[in-house]
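Below is one structure; the comments refer to it alone.
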Amino acid sequence: MGRLQKYLAECGIASRRKCEDYILQGRVKVNGRVVRELGVKINPEVDIIEFDGKIVRRENKKIYIMLNKPTGYITSAKDQFGRPTVMDLIKIKERIYPVGRLDYDTSGLLLLTNDGGLANILMHPRHEIVKTYIAKIKGIPTEKELERFRNGLLIDGYLTSKAEIEILSIENRTCVVEIKIHEGKNRQVRKMCEAIGHPVIFLTRTKIGELSLGKLKPGEWKYLTPKEIEYLKSLR
Numbered sequence: 037m038g039r040l041q042k043y044l045a046e047c048g049i050a051s052r053r054k055c056e057d058y059i060l061q062g063r064v065k066v067n068g069r070v071v072r073e074l075g076v077k078i079n080p081e082v083d084i085i086e087f088d089g090k091i092v093r094r095e096n097k098k099i100y101i102m103l104n105k106p107t108g109y110i111t112s113a114k115d116q117f118g119r120p121t122v123m124d125l126i127k128i129k130e131r132i133y134p135v136g137r138l139d140y141d142t143s144g145l146l147l148l149t150n151d152g153g154l155a156n157i158l159m160h161p162r163h164e165i166v167k168t169y170i171a172k173i174k175g176i177p178t179e180k181e182l183e184r185f186r187n188g189l190l191i192d193g194y195l196t197s198k199a200e201i202e203i204l205s206i207e208n209r210t211c212v213v214e215i216k217i218h219e220g221k222n223r224q225v226r227k228m229c230e231a232i233g234h235p236v237i238f239l240t241r242t243k244i245g246e247l248s249l250g251k252l253k254p255g256e257w258k259y260l261t262p263k264e265i266e267y268l269k270s271l272r
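Sequential numbering of the sequence shown, starting at 37, is according to our numbering.
Spelled out as structure tokens, the structure:
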């Protein structure tokens with residue numbers, strides 16, 4: 037026996053949190069009956085689970101992919117406005133989904149998998165996995181502004197956790213900075229830069245924890261190596 041949303045995540049439908057949304061939306065059936073309650077327990081050996089009218093079975097083969105997401109792509113399986121999604125870049129037969137998200141106008145390292153348990157861990161704030169970004173911003177921040185950034189900023193009603201920011205280069209009235217955060221709120225890096233008066237011109241994510249893009253060019257992807265997979269699983 038296990039909880040329905042956990043089983044859906046393990047089957048590669050989406051992260052556990054997203055699967056909870058699907059249940060509340062009435063897109064999941066158990067033995068022919070729509071289930072809209074969270075926490076329902078099921079027995080995969082006996083119960084028939086459906087998502088959007090298709091029977092769901094646990095994937096035996098786990099897939100782990102790293103993509104260098106270009107700008108101009110949505111981080112989802114489908115887009116209601118018909119914009120290209122990251123799934124258009126990866127042509128494999130297995131069902132996978134993005135772990136977390138990168139904005140339409142942000143590029144860089146994105147992980148995709150059908151391992152719902154691992155995806156849930158990577159997205160949970162308590163694990164404090166550091167994400168590293170390179171940003172080109174307007175103006176040159178003062179030391180006081182950098183310290184404000186590092187100590188936490190009030191954004192959309194919440195105080196961001198402590199972060200790291202270092203100036204890498206300065207050119208005319210712009211500069212390139214390296215930023216490290218372990219949260220993942222919507223457009224957080226952009227909002228933090230705006231909060232200190234230096235809006236982002238260009239933003240890319242280069243690392244998640246110890247995983248790095250390496251030589252992957254925008255639009256290219258690869259399967260994670262056994263060593264990289266082992267590292268991710270060590271974060272459990």
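Note that beta-carbon positions come from the ideal geometry of N, C-alpha and C, so glycine has one too. In this text, all values refer to a predicted model and were calculated from it rather than measured experimentally.
### Message
Check for me: the alpha helix (DSSP H) holding L40 runs from which residue to which?
### Response
L40 to E46
### Message
Let me make sure I understand the geometry here. Which of E73, L60 and K269 has the alpha-carbon closest to that of E246?
### Response
K269
### Task
Can you give me the start and stop residues for the beta strand (DSSP E) that L81 sits inside?
The amino acid at residue 81 is misidentified as Leu; the sequence shows Glu. Counting along the chain, E81 falls outside any beta strand (DSSP E), and DSSP gives it neither H nor E.
#### Entry: Beta-bridge partners of Y140, as assigned by DSSP
None; Y140 has no bridge partner.
### Message
Which residue wins for smallest C-alpha separation from T121, given the options R131, Y109, I128 and K129?
### Response
Y109
### Task
Taking R186 as part of the alpha helix (DSSP H), name the residues at either end of that continuous run.
E179 to N187
### Task
For G144, count neighbouring Cβ atoms within 10 angstroms of its own Cβ and tell me buried if that reaches 16, exposed if not.
buried
### Query
So V236 packs on I173, CB below 8 Å; how close in whole Å?
6 Å
#### Entry: Three-state secondary structure (DSSP) of L268
helix
### Query
Going by DSSP, which residues form a beta bridge with F238?
K172
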